[in-house]
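Residue numbers (our numbering): 3 to 488.
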C-alpha cells in the first residue's frame with residue numbers, strides 16, 4: 003500500500019494574505035502559549051494561597067536556651083545538635099503539596115541583646131519542640147529550655163517612626179554554596195595553655211552585644227531549613243570543572259549520545275574484551291595526571307569542597323537587625339562590628355560573606371539616594387522588620403547552603419574560657435539530672451515560675467518598656483518542673 007502525503011492544503015494556507023495567515027495560526031496553535039500561561043498563573047496563585055493558609059495553621063514556639071556556667075564544650079557539640087535536627091527533613095507528595103499546601107518547615111536560631119543583656123533563642127514549629135529538647139539535652143544535660151514570648155512584639159513595623167529607627171539586612175555568600183567558609187576548626191590551636199587553645203570567634207559578637215546601652219537592641223537570626231542530599235551533586239560538578247573533567251550535568255542531546263555510545267561500547271566489549279582494560283588504564287592515568295597538574299589553590303578547593311559535601315547540609319538565610327531609639331542610635335558601631343564578626347569566617351580563595359548591598363539588596367543602606375531615597379530606604383526598613391518578625395524564608399535573597407560544621411561555627415554557645423562577657427544569660431549550675439524520658443509534661447508547672455540571674459530579673463522591666471520579652475505560660479509543652487523558668 004502506497005502512502006501519499008497531500009501538501010496542497012498546507013500550501014494553500016501559506017498562500018493566504020498575511021492578516022488571514024496570522025489569524026489562522028492563532029486559531030490553530032496561537033492559543034496554546036496563552037493557555038499554558040493561564041494554567042501557570044492560576045497554579046502559582048493557588049499554590050501561594052494554599053501555602054499561606056498552611057503556614058498560618060502551623061503553631062510555633064520561641065525557646066530561650068541557657069547553658070550551665072563554665073561551658074568548656076567547643077562548637078562540635080552544637081554541630082551534633084544541627085545534625086540531629088536534620089531528621090526534620092520531609093518530602094511532600096502531590097496531594098500534600100498542591101492540596102494541603104505543605105512545605106518544608108524550618109528553624110530559626112537567634113541571639114538577641116536587649117540593652118546589653120544577651121539571650122540565645124530557638125524558634126521552631128511546635129511539633130518539633132521535643133526534637134529540640136532531645137538535641138540540646140543530649141549535648142548539654144544541664145541546660146535550661148524555656149518557652150518565652152516573642153521579643154519583636156514591642157517594636158514598630160512601619161517606618162519612619164517617631165521614636166525608633168532600624169538598621170540591618172541579610173548576608174550573602176560571594177561564591178557558590180559548594181565552596182566552604184572558615185569553620186571553628188580553624189580557630190583551634192594545639193599549643194599553649196588550655197584556655198588559649200581555642201579562640202572563639204563568638205567573642206567579638208558577644209562583646210558587641212554586651213556594649214549596647216539603654217534603648218538599644220541587636221537581633222541576630224539564622225533560618226535553618228532541612229534539605230535533602232541533592233546539593234551534593236553540585237559539589238561533584240564543581241570538582242569536575244576544576245580538574246577539567248566534563249560536568250555531570252547533561253541535557254537531552256548528551257543523554258541520547260551517551261546511550262548510543264554505550265551500545266557501541268557494549269558491542270565492542272563483546273568482540274574485543276581487551277579494549278576495555280586498555281581504556282580503563284588509560285583513563286586512570288589521565289585522572290592521576292590531571293590531579294598532579296592542579297595548582298595548590300585548586301587542590302585546596304577540591305579537598306575543601308569534598309569535605310563540605312561530605313556532611314549534612316541546610317538551606318540558610320542570615321539576617322541581623324539593630325533597633326534603637328533615635329537619641330541613642332549608633333549605626334556605624336553595630337554595622338562595622340557585625341560585619342567584622344561575619345568576616346572572621348571569610349576565605350579569599352574559597353568562600354566569604356558580605357552584606358547584601360546594592361539596588362536589589364536587603365541592607366538598609368542605599369547606593370544611590372538621589373532618586374526617591376527616603377521612600378526606598380523606608381521601604382527596605384519595613385521589609386526587613388517584617389521578614390525578621392515572621393522569620394520569612396521567601397523575603398530577600400534566596401537561601402544558600404551551609405553544612406553542620408559551618409552552621410555551628412556562626413551560631414554556638416560561647417566557650418567561657420575565651421568569652422568573658424558577663425551579661426550572657428546562663429543557667430546558675432547543675433541542679434538535677436536531665437529527664438530520663440523526653441518530653442515530660444507536668445500540668446501546672448508553668449504556673450510556679452522561679453526567677454534567677456540578672457537577665458531574668460530584668461525581663462519584667464523590659465516588658466514594661468514595651469519590648470514584649472516576657473514569660474509565656476505553656477499549655478501543651480511545659481518544660482520539666484525541676485528547671486527554672488525565664
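Glycine is no exception: its CB is placed at the ideal position from the N, C-alpha and C atoms. If you're wondering where the values come from, they're calculated on a predicted model, not measured in any experiment.
Hey, would you say residue 182 sits closer than 8 Å to residue 319, going by beta carbons? If you number the chain shown from 1, residue 182 lands on position 180. If you number the chain shown from 1, residue 319 lands on position 317. Not closer than 8 Å, so no.
Those residues which DSSP pairs with residue 356 across a bridge: Here residue 356 refers to the residue found at position 354 when the chain shown is read from its first residue. Answer is 174, bridged to residue 356.
With H, G and I counted as helix, E and B as strand and the rest as coil, what does DSSP make of residue 326? The residue labelled residue 326 in the question sits at position 324 within the chain shown. In the three-state scheme derived from DSSP, where H, G and I count as helix and E and B as strand, residue 326 is classed as strand.
Assign residue 415 to one of three DSSP states: helix, strand, or coil. Your numbering for residue 415 matches position 413 in the chain shown. Under the three-state reduction of DSSP, residue 415 is assigned to coil, being neither helix nor strand.
Using alpha carbons as the reference points, say which of 83, 121 and 153 lies closest to residue 143. Counting from 1 along the chain shown, the entry for residue 143 is found at position 141. With distances taken between Cα atoms, residue 143 lies closest to 83.
N-terminal and C-terminal residue of the alpha helix (DSSP H) that residue 46 is part of: If you number the chain shown from 1, residue 46 lands on position 44. Per DSSP, residue 46 belongs to the alpha helix (DSSP H) from 33–59.
Beta-carbon separation (whole angstroms), residue 403 vs residue 179, contact threshold 8 Å: Against the chain shown, residue 403 aligns to sequence position 401. Against the chain shown, residue 179 aligns to sequence position 177. Yes, they are in contact, since the Cβ atoms of residue 403 and residue 179 sit about 4 Å apart, within 8 Å.
With residue 113 as the anchor, note down where its beta strand (DSSP E) starts and where it stops. Along the chain shown, read from residue 1 onward, the residue named residue 113 stands at position 111. Taken as a continuous stretch (DSSP letters only), the beta strand (DSSP E) holding residue 113 covers 109–116.
Alpha carbon to alpha carbon, how far is residue 32 from residue 169? Give it in angstroms, no decimals. What you label residue 169 is simply residue 167 of the chain shown in a count that begins at 1. What you label residue 32 is simply residue 30 of the chain shown in a count that begins at 1. So the two alpha carbons sit approximately 50 Å from each other.
Here's the rule: buried if 16 or more other CB atoms are within 10 angstroms of the residue's CB, otherwise exposed. What is residue 298? Position 296 of the chain shown, counted from the start, is the residue given in the question as residue 298. Classification for residue 298: exposed.
Apart from the five residues on each side of it in sequence, which residues of its chain come closer than 7 Å, Cβ to Cβ, to residue 137? Within the chain shown, the letter at position 135 stands for residue 137. The residues are 83, 86 and 87.
Can you list, in chain order, the residues of its chain with a C-beta nearer than 8 Å to that of residue 7? Leave out the 5 residues immediately preceding and following it. Counted from its first residue, the chain shown places residue 7 at position 5. So the list is empty, once near-sequence residues are dropped.
How is residue 161 classed by DSSP in three states: helix, strand or coil? The sequence position of residue 161 within the chain shown is 159, counting from 1. Taken through DSSP and simplified to helix, strand or coil, residue 161 comes out as coil.
Could you tell me the alpha carbon to alpha carbon distance between residue 492 and residue 172, rounded to whole angstroms? Residue 492 lies beyond the range of the chain shown here (3 to 488); nothing can be said about it.
Can you tell me which of 213, 167, 307 and 215 puts its alpha carbon nearest to the alpha carbon of residue 1? Here the chain has residues from 3 to 488 only, and residue 1 is not among them.
Closest by C-alpha distance to residue 164, when choosing among 326, 93, 246 and 30: As a working mapping, residue 164 is identified with position 162 in the chain shown. 326 is the residue among 326, 93, 246 and 30 whose C-alpha sits nearest the C-alpha of residue 164.
Could you tell me the distance, in whole angstroms, from the CA atom of residue 120 to the CA atom of residue 245? In the chain shown, the residue the question calls residue 120 occupies position 118. In the chain shown, the residue the question calls residue 245 occupies position 243. When only Cα atoms are considered, residue 120 and residue 245 end up about 47 Å apart.
C-beta contact flag for residue 2 and residue 417 at 8 Å: Since the first and last residues shown for the chain are 3 and 488, residue 2 lies out of range.
Alpha carbon to alpha carbon, how far is residue 354 from residue 347? Give it in angstroms, no decimals. As a first step, residue 347 must be located in the chain shown, where it is residue number 345. As a first step, residue 354 must be located in the chain shown, where it is residue number 352. Taking the straight line joining both Cα atoms gives about 7 Å.
In whole angstroms, what separates the C-alpha of residue 56 from that of residue 102? Residue 56 sits at position 54 when you count from the first residue of the chain shown. Residue 102 sits at position 100 when you count from the first residue of the chain shown. Near 7 Å, if we compare the C-alpha coordinates of residue 102 and residue 56.
Complete alpha helix (DSSP H) runs within the segment 370–408 (minimum length 4 residues, chain order): You should have 375–391.
Okay, do the segment 332–347 and the segment 200–215 touch, 3+ Cβ pairs below 8 Å being the bar? With a cut-off of 8 Å, the segment 200–215 and the segment 332–347 count as touching, because enough Cβ pairs lie within range.
Start-to-end residues for the beta strand (DSSP E) that takes in residue 226: Here residue 226 is taken as the residue at index 224 of the chain shown, counted from 1. First-last of the beta strand (DSSP E) with residue 226: 218–228.
Quick one: measure Cβ to Cβ for residue 330 and residue 215, integer angstroms, because I've assumed they're closer than 8 Å. In the chain shown, residue 330 corresponds to position 328, counting from 1. In the chain shown, residue 215 corresponds to position 213, counting from 1. Indeed they touch by this definition, with Cβ atoms about 6 Å apart.
Around the C-beta of residue 43, are 16 or more other C-beta atoms found within 10 angstroms, so that it is buried, or is it exposed? The sequence position of residue 43 within the chain shown is 41, counting from 1. Here residue 43 is exposed, its C-beta having fewer than 16 other C-beta atoms within 10 Å.
Please state the DSSP three-state secondary structure of residue 233. Position 231 of the chain shown, counting from 1, holds the residue named residue 233. When DSSP states are grouped into helix, strand and coil, residue 233 belongs to the coil group.
Note down, in chain order, each residue of its chain lying with its Cβ closer than 8 Å to the Cβ of residue 466, except the 5 sequence neighbours on either side. For the purposes of this step, residue 466 is identified with residue 464 of the chain shown, where counting begins at 1. Bear in mind that a pLDDT of 44 at residue 466, under 50, signals an unreliable position, so the number given afterwards is only what the model happens to contain. Closer than 8 Å at the Cβ level, and outside the excluded window around residue 466, lies no residue.
How about residue 407 and residue 313: do their beta carbons lie closer than 8 Å? Translated into positions along the chain shown, residue 407 becomes position 405. Translated into positions along the chain shown, residue 313 becomes position 311. A contact, by the Cβ cut-off of 8 Å.
Coil, strand or helix - residue 71 by DSSP: The residue given as residue 71 occupies position 69 in the chain shown. Looking at residue 71 - three-state DSSP - the assignment turns out to be coil, as it is neither helix nor strand.
Just the C-alpha distance for residue 78 and residue 316, rounded to the nearest angstrom, thanks. Along the chain shown, one-based indexing puts residue 78 at 76. Along the chain shown, one-based indexing puts residue 316 at 314. Computed Cα separation, rounded: 17 Å.
Let me know if residue 27 comes out buried or exposed under the rule of 16 or more other beta-carbons within 10 Å of its beta-carbon. By 1-based counting over the chain shown, the position of residue 27 is 25. Counting C-beta atoms within 10 angstroms of its own C-beta, residue 27 has fewer than 16 neighbours from the protein chains shown and is therefore classed as exposed.
Specify the secondary structure class of residue 277 as computed by DSSP and reduced to three states. Mapped onto the chain shown, residue 277 falls at position 275. Interpretation of residue 277 is limited by its pLDDT of 48, a score under 50 that renders its predicted location unreliable; the figure taken from the coordinates is listed afterwards. Correct three-state label for residue 277: helix.
Can you have a look at residue 334 and say buried or exposed, based on whether 16 or more other CB atoms are within 10 angstroms of its CB? Here residue 334 refers to the residue found at position 332 of the chain shown. With fewer than 16 other Cβ atoms within 10 Å, it is exposed.
Run through the DSSP bridge pairs and tell me what residue 121 is partnered with. On the chain shown, residue 121 is found 119 positions in, with the first residue counted as 1. Residue 121 is bridged to 114.
Since residue 319 sits in a beta bridge, which residues does DSSP pair it with? On the chain shown, residue 319 is found 317 positions in, with the first residue counted as 1. According to DSSP, residue 319 bridges with 225.
Span of the beta strand (DSSP E) holding residue 134? Numbered from its first residue, the chain shown carries residue 134 at position 132. Counting along the chain, residue 134 falls outside any beta strand (DSSP E), though it belongs to the alpha helix (DSSP H) covering 131–141.
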